[in-house]
Each structure stands twice: as structure tokens, then as C-alpha cells.
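Participant: Residue numbers (our numbering): -8 to 187.
Before anything else, here's the structure in question.
The following block contains the structure:
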């Protein structure tokens, strides 16, 4: 198969897998943050992911309020993506144990990237649309509040400025650097993992 065809095929597969994985992760995070599921964006996420998650929940129940099925589905997407890309590119499969470990690291990195984007959205909209009630902005605020609240107890807003957002951004960025070191130690091959 021509290299250009392989690249195009991998790009299509990666795009579809990345978007679906994003929706699964968002559903998990929004549940953990107890976000408003009557929000139209929340409802869209639930509608898209439910056909796959509902059957999984029959055999994988939640634990201590944590949606384990979403985590399992996200890992399965990572493993499937890695195997498909490897098969297309090399004609061989990768040891699924490696993909499970790499996929878990990739998921954490993906979540960190989502949170950094959410922080940027909060910072920008605090200047240009501080009172906006757009469903997307409402979800971002609900998503970030459980993470910001503990920091705000230590660093309360002063003079209309909320430094907790900056502090959280620094914490996440440092975590990404450390996670990058873990990824190198684990021999992660980014080409086969979503999130890097």
C-alpha cells in the first residue's frame, strides 16, 4: 500500500478515534464534576456515547460513584486504535499489554490537555464574555469548579483577579512534564497512542 494512502487512512482513523475518545472522556469528567446533564451539549455527549456505554455498564458497574465503564471504554479505544494503526503500518499487532499501559498514560495526558484548554477558555472569556450563559461556557465552568475550589481556599480571589486559575494551570503543566518522563520510561510510541 502506498505511503500516502497509509498516511491518509491513519489520519482518518485517528480523527474519528480522537473525537470519540474526547466525548467519552468528557462524559466521564462531567459526571465526576456533577455537571448539569440537562445542558444541550451534555445531552449530545450522552446521546453519542450511550449506545456503546450502556451495554458495557451491564457487565461493568460503577464503583464508589465512578463510572468504570467509561474508563474501560476509553482504554479499549486506545488499544483498538494502536492495533489498527500498527496493522496498517507494519502488518503486525502490538502486545496489547503495552497498548494498555501506553493507553492509560495517553488518557491522563489527554485529560491534562482538555483541562489546559478549559483553563484558556476560562481566562479568555473572563475578559471578553464574563457573564455569558452559553451552554459551552457553563459546562467549562462546572467542569473546572471542583478543581479550582480547593485552590481558591488557599489563594482567594483578590481585587477581581482569580489567581487560582493560573495556579491550576501551573500544576497541570508540571504534571504533564512529569507524565512525559513516565511515558519515556514506559517506552510509549506516540504514533500508536491518542493523547500525545
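Using N, Cα and C, we set each Cβ at its ideal position, and we do this for glycine too.
Whole angstroms are fine: how far does the CA of residue -2 sit from the CA of residue 27?
Facilitator: As a position in the chain shown, residue 27 is number 36, starting the count at 1. As a position in the chain shown, residue -2 is number 7, starting the count at 1. The straight-line gap from Cα to Cα measures roughly 39 Å.
Participant: Just list the residues that DSSP pairs residue 149 with in beta bridges.
Facilitator: As a first step, residue 149 must be located in the chain shown, where it is residue number 158. Residue 149 pairs with 152.
Participant: Can you tell me the Cα-Cα spacing of residue 75 and residue 12, whole angstroms?
Facilitator: As a position in the chain shown, residue 75 is number 84, starting the count at 1. As a position in the chain shown, residue 12 is number 21, starting the count at 1. Distance between the alpha carbons of residue 75 and residue 12 is about 15 Å.
Participant: Exposed or buried, residue 123, counting other C-beta atoms within 10 Å across all chains shown (16 or more means buried)?
Facilitator: For the purposes of this step, residue 123 is taken as residue 132 along the chain shown, with counting starting at 1. Burial call: exposed.
Participant: Could you check what DSSP says for residue 134 in three-state terms: helix, strand or coil?
Facilitator: Numbered from its first residue, the chain shown carries residue 134 at position 143. Note: residue 134 maps to helix in three-state DSSP.
Participant: Unbroken beta strand (DSSP E) runs of length 3 or more, entirely within the region 21 to 89: which are they?
Facilitator: The region 21 to 89 contains no whole beta strand (DSSP E) run of 3 or more residues.
Participant: Between 54, 25, 166, 15, which lies nearest to residue 42 when the distance is taken from Cα to Cα?
Facilitator: Here the question's residue 42 lines up with position 51 in the chain shown. Per the Cα distances, 15.
Participant: Contact check, residue 90 vs residue 73 under 8 Å by CB: the rounded distance?
Facilitator: Along the chain shown, read from residue 1 onward, the residue named residue 90 stands at position 99. Along the chain shown, read from residue 1 onward, the residue named residue 73 stands at position 82. So it is a contact: roughly 4 Å between Cβ atoms.
Participant: State yes or no: is the C-beta of residue 187 within less than 9 Å of the C-beta of residue 179?
Facilitator: Residue 187 sits at position 196 when you count from the first residue of the chain shown. Residue 179 sits at position 188 when you count from the first residue of the chain shown. A contact, by the Cβ cut-off of 9 Å.
Participant: Just tell me which of 30, 20, 82 has its CA closest to the CA of residue 65.
Facilitator: Working through the chain shown from its first residue, we reach residue 65 at position 74. Residue 65 has its Cα closest to that of 20, out of 30, 20, 82.
Participant: Would you kindly work out how many angstroms separate the C-alpha atoms of residue 68 and residue 150, rounded to a whole number?
Facilitator: The sequence position of residue 68 within the chain shown is 77, counting from 1. The sequence position of residue 150 within the chain shown is 159, counting from 1. Going from the Cα of residue 68 to the Cα of residue 150 covers about 45 Å.
Participant: What three-state label does DSSP hand residue 178 in the structure shown?
Facilitator: By one-based count along the chain shown, residue 178 stands at place 187. Here residue 178 sits in coil by DSSP.
Participant: Using only alpha-carbon positions, find the residue among 36, 2, 182, 158 that is nearest to residue 94.
Facilitator: On the chain shown, residue 94 is found 103 positions in, with the first residue counted as 1. Closest by alpha carbon: 182.
Participant: Quick check on DSSP: helix, strand or coil for residue 187?
Facilitator: Walking along the chain shown from the start, residue 187 turns up at place 196. Note: residue 187 maps to coil in three-state DSSP.
Participant: Using the Cα positions of residue 5 and residue 184, report the straight-line distance between them to the nearest angstrom.
Facilitator: Position 14 of the chain shown, counted from the first residue, corresponds to residue 5. Position 193 of the chain shown, counted from the first residue, corresponds to residue 184. For residue 5 and residue 184, the distance between alpha carbons rounds to 9 Å.
Participant: Measure the beta-carbon distance from residue 18 to residue 40 and round it to whole angstroms, keeping in mind my assumption that it falls under 8 Å.
Facilitator: The sequence position of residue 18 within the chain shown is 27, counting from 1. The sequence position of residue 40 within the chain shown is 49, counting from 1. With 8 Å as the limit, residue 18 and residue 40 qualify as a contact, their Cβ atoms being about 5 Å apart.
Participant: Spatial neighbours of residue 118 within its chain, please: CB distance less than 7 Å, with the 5 preceding and 5 following residues excluded, ordered by chain position.
Facilitator: For the purposes of this step, residue 118 is taken as the residue at position 127 of the chain shown. Excluding sequence neighbours, residue 118 sits near nothing in its chain.
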